[in-house]
Amino acid sequence: VGAAVLAVLYAKLDDHAWRPVWRLLRRMRWLFLSIAVIYLWFTPGMPLIPGVPYLAAWSPTIEGLWQGGLRVMSLALMVTAAGLLLTVTSRDEILAALHWIMSPLGALRFPHERFAVRAALSLEAVTRVHAHVRAALAAHGESAAPLARIGAVAGAVFGTVTDQAECASCEPITLTDLSPPSVLEWTLPLLLAAIMTLSMRLAV
429 VGAAVLAVLY AKLDDHAWRP VWRLLRRMRW LFLSIAVIYL WFTPGMPLIP GVPYLAAWSP
489 TIEGLWQGGL RVMSLALMVT AAGLLLTVTS RDEILAALHW IMSPLGALRF PHERFAVRAA
549 LSLEAVTRVH AHVRAALAAH GESAAPLARI GAVAGAVFGT VTDQAECASC EPITLTDLSP
609 PSVLEWTLPL LLAAIMTLSM RLAV
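Just so we're aligned, residue 429 is where the sequence shown starts under my numbering, counting upward by one.
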């Protein structure tokens with residue numbers, strides 16, 4: 429259900445918007461594999477390969493397949509949704525949305541404006557640091573020892589980021605006041621939550 433909703437929401441996007449998401453999912457393949465291995469072989473239950481006694485002790489379980497697959501797919505859906513949101517939403521829009529949704533916390537003296545600015549700048553900095561990491565990997569690709577390459581890349585990225593931070597100019601940031609969401613915009617998330625809750629109950 430979650431995958432179907434995500435596909436409907438972003439069905440009109442072209443390959444240019446989906447390409448960064450595919451790269452992000454590909455980078456997380458080892459995390460997905462680790463989760464799958466842990467659940468497949470460490471979850472007690474019925475063997476996935478029944479009828480072979482000498483393989484039963486080494487066989488993954490059906491319960492592990494279900495639990496691991498559920499968690500891998502859930503994480504993949506969250507990463508995809510977040511990646512697409514960042515692709516189709518500009519920094520100013522994210523900043524304005526964070527500022528609006530956290531504005532009630534201002535009554536509790538919570539610095540919501542500062543939090544929104546720092547969150548938006550952090551999201552923007554991730555893209556810049558990623559470019560530095562790729563450049564450092566390309567420059568130190570011939571290192572013989574893996575640990576030496578990791579150290580060289582980390583040192584190069586840290587030095588580049590530090591140098592750019594010291595000479596970066598302070599640019600003004602404008603917070604755009606957003607109008608409150610309409611009734612329809614409030615209804616869609618509630619409807620989605622109801623659909624997900626109903627699907628969970630039916631699955632149980």
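We treat Cβ as the ideally placed atom computed from N, Cα and C, and that holds for glycine.
The model shown is predicted, which means the values in this text are computed figures rather than measured ones.
Inset, instruction - Mark H540 as exposed unless 16 or more other C-beta atoms lie within 10 angstroms of its C-beta, in which case mark it buried. - result: Position 112 of the sequence shown, counted from the start, is the residue given in the question as residue 540. H540 comes out buried.
Legend entry - P448 (DSSP reduced to helix, strand or coil): By one-based count along the sequence shown, residue 448 stands at place 20. For P448, the three-state secondary structure derived from DSSP is helix.
Inset, instruction - Between the Cα of L461 and those of W446, G497 and R562, spot the shortest distance and give me the residue it belongs to. - result: Within the sequence shown, numbered from 1, the residue matching residue 461 stands at position 33. The shortest C-alpha separation from L461 is found at G497.
Legend entry - Which of helix, strand or coil DSSP assigns to T602: Stepping through the sequence shown from its first residue, residue 602 is reached at position 174. Here T602 sits in coil by DSSP.
Inset, instruction - Using beta-carbon positions only, say whether L453 and T508 come within less than 8 Å of one another. - result: Residue numbering aside, residue 453 sits at position 25 when the sequence shown is read from its first letter. Residue numbering aside, residue 508 sits at position 80 when the sequence shown is read from its first letter. It is a contact, given that the beta carbons lie within the stated cut-off.
Inset, instruction - Please go through the same chain and pick out, in chain order, the residues whose beta-carbon is closer than 7 Å to the beta-carbon of M530, but skip the five residues on each side of it. - result: In the sequence shown, the residue the question calls residue 530 occupies position 102. Counting only Cβ-Cβ distances below 7 Å, and skipping sequence neighbours, we find H540, F543 and A544.
Inset, instruction - Please report how far the alpha carbon of Y438 lies from the alpha carbon of L512, in whole angstroms. - result: What you label residue 438 is simply residue 10 of the sequence shown in a count that begins at 1. What you label residue 512 is simply residue 84 of the sequence shown in a count that begins at 1. Y438 and L512 have their alpha carbons spaced roughly 8 Å apart.
Inset, instruction - May I ask which residues mark the beginning and end of the alpha helix (DSSP H) holding W528? - result: In the sequence shown, counting from the first residue as 1, residue 528 sits at position 100. In the DSSP assignment, W528 falls within the alpha helix (DSSP H) that extends over R519 to I529.
Legend entry - Three-state secondary structure (DSSP) of T555: Indexing the sequence shown from 1 puts residue 555 at position 127. Note: T555 maps to helix in three-state DSSP.
Inset, instruction - Report the option in V554, L618 and P475 whose CA atom is closest to the CA atom of V589. - result: Start at 1 with the first residue of the sequence shown, and residue 589 comes out as number 161. Minimum Cα distance to V589 is reached at V554.
Legend entry - Beta-carbon proximity of T471 to G492, cut-off 8 Å: Within the sequence shown, residue 471 is the residue found at index 43, counting from 1. Within the sequence shown, residue 492 is the residue found at index 64, counting from 1. In this structure, T471 lies near G492, with their beta-carbon atoms less than 8 Å apart.
Legend entry - Test item: CB-CB of M474 and I490 under 8 Å: The residue you call residue 474 lines up with position 46 of the sequence shown. The residue you call residue 490 lines up with position 62 of the sequence shown. Yes, these two residues count as a Cβ contact at 8 Å.
Inset, instruction - Taking 8 Å as the cut-off, decide whether the C-beta atoms of A548 and I522 are in contact. - result: Your numbering for residue 548 matches position 120 in the sequence shown. Your numbering for residue 522 matches position 94 in the sequence shown. A548 places its beta carbon less than 8 Å from that of I522.
Legend entry - V611 burial status per 10 Å Cβ neighbour count (16 or more: buried): Residue 611 sits at position 183 when you count from the first residue of the sequence shown. Exposed: under 16 other Cβ atoms inside 10 Å.
Inset, instruction - Would you please state the rounded distance, in angstroms, between the beta carbons of P379 and L476? I believe it to be under 8 Å. - result: Any answer about residue 379 is impossible in this case: the structure gives the chain only from 429 up to 632.
Inset, instruction - In the DSSP assignment, find the alpha helix (DSSP H) that holds L626 and state where it starts and stops. - result: For this step, residue 626 is matched to residue 198 along the sequence shown. Segment V611 to A631, the alpha helix (DSSP H) holding L626.
Inset, instruction - Helix, strand or coil for P608, going by three-state DSSP, please let me know. - result: Position 180 of the sequence shown holds residue 608. P608 sits in coil when the DSSP states are folded into three classes, being neither helix nor strand.
Inset, instruction - Give the secondary structure of P475 by DSSP, where H, G and I count as helix, E and B as strand, and everything else as coil. - result: On the sequence shown, position 47 is the one that residue 475 refers to. Strand, per DSSP.
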